[in-house]
Amino acid sequence: MNVVRRFASASHIALVASATVATMLAGAQGAAAQVSQARDAAPAADEIVVTAQKRAERLQDVPLAVTAVTSDALAQQNINDTSSLVRAVPSLQFQPGATSNGSGFRIRGIGSQLFSLGVEASVSVVVDGVVAARQAQSFADFADIERIEVLRGPQGTLFGKNATGGVINIITARPKDSFGGSFDATVAEMDEYRIKGTITGPIAETLNARVSGYYNNVGGYIRNQANGKDVNKSEGWGLRGKLDWQATPDLNFLLAADYRKNKSDCCNPVLVNVRNPDTLTLIAPVTPSIYNRRINEDEVNRNYDRQFQTSLEASWDLGAATVTSITAYQKYKNVANNPTDKLNNPNPIYIPGNGVLAPGLTIGKFDQNGGTIDLDQFSQELRVASNGQRDLGYVFGLFYSDVSVDRTFLRAAIACPTGGGAIGTVCANPVTFSSSLAAHNQTESIAGFGQIDWRVVGGLKLIGGLRVQHESTSVDGTRTAPAIAGSTAFPGNASISGKRSASDTAVTGKAGVQYEFSRNAQVYASFTRGYKGLGFNTELATNFATQEAVQPEHVNGYELGFKGRTADGLLSVAVAGFIADYTDLQVLANRSDPSTGQIAFVQTNAGSSQTKGVEIEAALNPAEGLSVNFGMTYAKTRLDADGLSCPLQVQAAAATNILTGNFPVNSCYRRRIVDASGTVLSTSGPLQDVRGGELPFSPKLRLNVSPRYEMQLNDSGLSAVFQIGLNYQSKQRFALEQDPLLAQKGYALVDTSIGLKGPEGRWYVTGYVRNLFDKQFVTSMAHSSPISTAALPFDLAAFISKESNRYFGVNFGMKF
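For the sequence shown, the working numbering assigns the number -16 to the initial residue and increments by one for each residue that follows.
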């Protein structure tokens, strides 16, 4: 243990002195640079340069699994936002929720299982070097993108404590020193309209500017029978400006500012299976099925996002190395409401068995269930990185972040007496229940990091990295109940207040070996130790006086890979095998009890989790104008976790399975706590201890194949373009609780497009069909209906994306 402490201390001192070390390394590399000049050739025109290791390198040279999606590839597949990126990256999955805060990304099956605002995501989203503080900020429309890099597996050494699953690194286009621009417009069925444009050019001899913007208006595709309007629609716009100043031949400043705004009534689930005749009476005329595209609700989900980000990047070229500073400020605001009863009941009505809020009272109206998020973040990164291909490559840096999150929430429901009238009729003597929340979370982080790769001899390199990080976090919260005058406290949400704090220091790192057979072929093997920081719950069920921080999540990741390409660019292949073992995986356990109407989601740590598998990416260019891209991910996940809720349909059996010890695994029971005299202190709701479960939203197999053919039509440069995209995924679960009813069978989607391109691609027009064979599928599923209880558990609701419908669109663009 003392050795570890000394090692961490020495590393910390070395990292703080990174600028001095860089100067020494630059001098030492003078002679070695001559030897490596042959390897330091400029990338070929068809090669992609990435910054996955925080320095510019050919994708072929990077010894880790990275998918790079260029701006052209985004346009060719009509990928307009981060959630659509899954079509281009088989290892990436999107987990949808009713609001931005309940949605998230997964890489190799790993993503956030805990959506509290006091906890960071497992997949980090980085835009122009600036890390998004919370996952709710990550779902944005694309405009003026240069490329997107998806780094798969733990990336904690260079990208910090919220990258245990991986990183989505988004790089937007820089200003140019010549005048130019672009414009793009899309029109598609179901009232989808998108426009975006960019203009760039010089302002002065050493000062260039770029302005880009977008406006999207996407119509709804779910009809609300209550008012005849379509829902699941969105409208958003954004504007980004950049100033690029070459102050001296070696010193550059890039100032950027970005503002985005979006409003939507997304995402409203539809009923896909109902066995309860009372439910059918309440939702009429809706007919539940996988083909259902109708709801009947007086109040629907609503979500409003507003984000501002500004950053200043300074780069000082020392010749052998570059010193980079990125100073950034982010402000994000979200307002959302997620109505719970999902009925057309402007007034409270009699609903049998719909959640007992108190003896003799069931929920008759439940439309208020939401609040606000206000986030501010300041961050500063300073690093030095070697330039080019050298015998000793390195990145050293320091990082600081201060994040402030304010959370408010109001939950209110109106209850009706049981047995007071016919189902669906307005009830007499309703009773209101309410509770509200105001919480403040503050997190401060500081880290030093470094990574080197040393060419020992020939093509053999050794890789080593280390990160030392310290964070402190606190939450100050007050829950008020009742929150509405004349109402009663919501069950399980009585008034309470308190403040809690915690801090932690962690040492993580990377070790690996790489062998380059030639400029076009390499193998590598690596070990990575990753870390995700501790955090507090900020949601309504929180006991602010006594809650303990959810403990840090750790991962040991192992990866073995090969990357190769033919000298003529005919074929390129990347293969990676991986195993990642997670301990204390941060999860949200649903401990709601349908027998009492209590809604309780508790943050906790799972015992362990693992993901392992293999990935293959390939690009083939067999003839002029013809290309075929292929991607495949096979990932098997495993989860052990105690204290999860039981699948709703087996909870009734727990009523008689009440235990004080020797708790079973993979079966439902209630946990009873007694004191020394045998007096019962408490009895839990239905629980299960899962062993060998599967992570949700994690199909074992995903693959895509995308052949594209571009044919020149005449000597003027006019070309015709044909493209087909096939995406397949195997069966996946939607619930951490291993509920067999909440699963999606495997399915395949086919997209196709045909278009014309002008000379040198100066203009283009493309017609496309999404989901050509009209394959029906869902993106998430839950026991969520007006009457979904342990006694009547088979009413299922699902999120259905627009891509679950076949639709047509036309895209037009021009460059100048």
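For glycine and all other residues, C-beta sits at the position ideal for the given N, C-alpha and C.
Can you give the beta carbon distance from residue i to residue j, rounded, assuming they're within the 8 angstroms contact cut?
i	j	result
L226	A192	6 angstroms
F561	K595	6 angstroms
F527	V458	7 angstroms
K493	Q569	About 22 angstroms separates the two Cβ atoms, so there is no contact after all.
G469	A398	Not really, about 13 angstroms apart at Cβ, beyond 8 angstroms.
N251	T82	With a Cβ gap of about 11 angstroms, N251 and T82 do not count as contacting.
S86	Q78	6 angstroms
A126	P137	With a Cβ gap of about 30 angstroms, A126 and P137 do not count as contacting.
I205	I278	6 angstroms
Go ahead and pull the three-state DSSP assignment for residue i.
i	result
G403	coil
K785	helix
P742	helix
R70	helix
D124	strand
T50	strand
Q632	helix
R(-11)	Residue placement at R(-11) cannot be trusted, given a pLDDT of 33 that sits under 50; the coordinates are not used to answer.
G441	coil
L732	strand
F795	strand
N321	coil
D44	helix
Q59	helix
T594	strand
N640	coil
A780	strand
A119	helix
T426	strand
T65	helix
S713	coil
G560	strand
G184	strand
N84	helix
D757	coil
G544	strand
Taking 8 angstroms as the cut-off, decide whether the C-beta atoms of residue i and residue j are in contact.
i	j	result
S74	R117	no
G744	D167	no
P271	N256	yes
G203	I182	no
G139	G513	yes
E132	A35	yes
V194	G221	no
I707	P690	yes
E218	N199	yes
S681	Q715	yes
A239	D357	no
L684	Q712	yes
L326	A396	no
N788	N754	yes
F613	V558	no
G590	A563	no
V506	Y498	yes
V150	S107	yes
V409	I479	no
D487	E536	no
A430	A368	no
R70	N710	yes
Exercise for the section: Mind listing, in chain order, the continuous alpha helix (DSSP H) runs of no fewer than 4 residues lying wholly within the region 138 to 175? Expected result: 139 to 142
Practice task
Please determine if the region 341 to 352 and the region 295 to 311 are in contact, where contact requires at least 3 C-beta pairs separated by less than 8 angstroms.
Solution key: no
Exercise for the section: State whether the region 509 to 520 contacts the region 100 to 107, with contact taken as three or more CB pairs (one from each stretch) at a distance under 8 angstroms. Expected result: yes
Practice task
For the region 667 to 676 and the region 635 to 651, state whether three or more C-beta atom pairs, one from each stretch, are separated by less than 8 angstroms.
Solution key: yes
Exercise for the section: Decide if the region 237 to 246 is in contact with the region 282 to 297; the criterion is three or more beta carbon pairs, one per stretch, under 8 angstroms apart. Expected result: Verdict: yes, contact present.
Handout entry: Three or more C-beta pairs below 8 angstroms linking the region 473 to 483 and the region 414 to 424
Key = yes
Exercise for the section: Let me know the alpha helix (DSSP H) ranges lying completely inside the region 208 to 290, each 4 residues or longer, listed in chain order. Expected result: 260 to 266
Handout entry: Any beta strand (DSSP E) of 3 or more consecutive residues that is wholly inside the region 451 to 509
Key = 479 to 501
Exercise for the section: Evaluate contact between the region 641 to 649 and the region 596 to 612, counting only Cβ atoms and requiring at least three cross-stretch pairs below 8 angstroms. Expected result: no
Problem - Cβ pair count under 8 angstroms reaching 3, the region 652 to 668 against the region 38 to 54 - result: With a cut-off of 8 angstroms on Cβ pairs, the region 652 to 668 is not in contact with the region 38 to 54, counting fewer than three such pairs.
Problem - alpha helix (DSSP H) runs contained entirely in the region 333 to 408, provided each spans 4 or more residues - result: When DSSP assignments are scanned along the region 333 to 408, no uninterrupted stretch of alpha helix (DSSP H) that is 4 or more residues long falls wholly within it.
Exercise for the section: Flag this pair as touching only if the region 375 to 385 and the region 313 to 333 have three or more C-beta atom pairs under 8 angstroms; answer yes or no. Expected result: no
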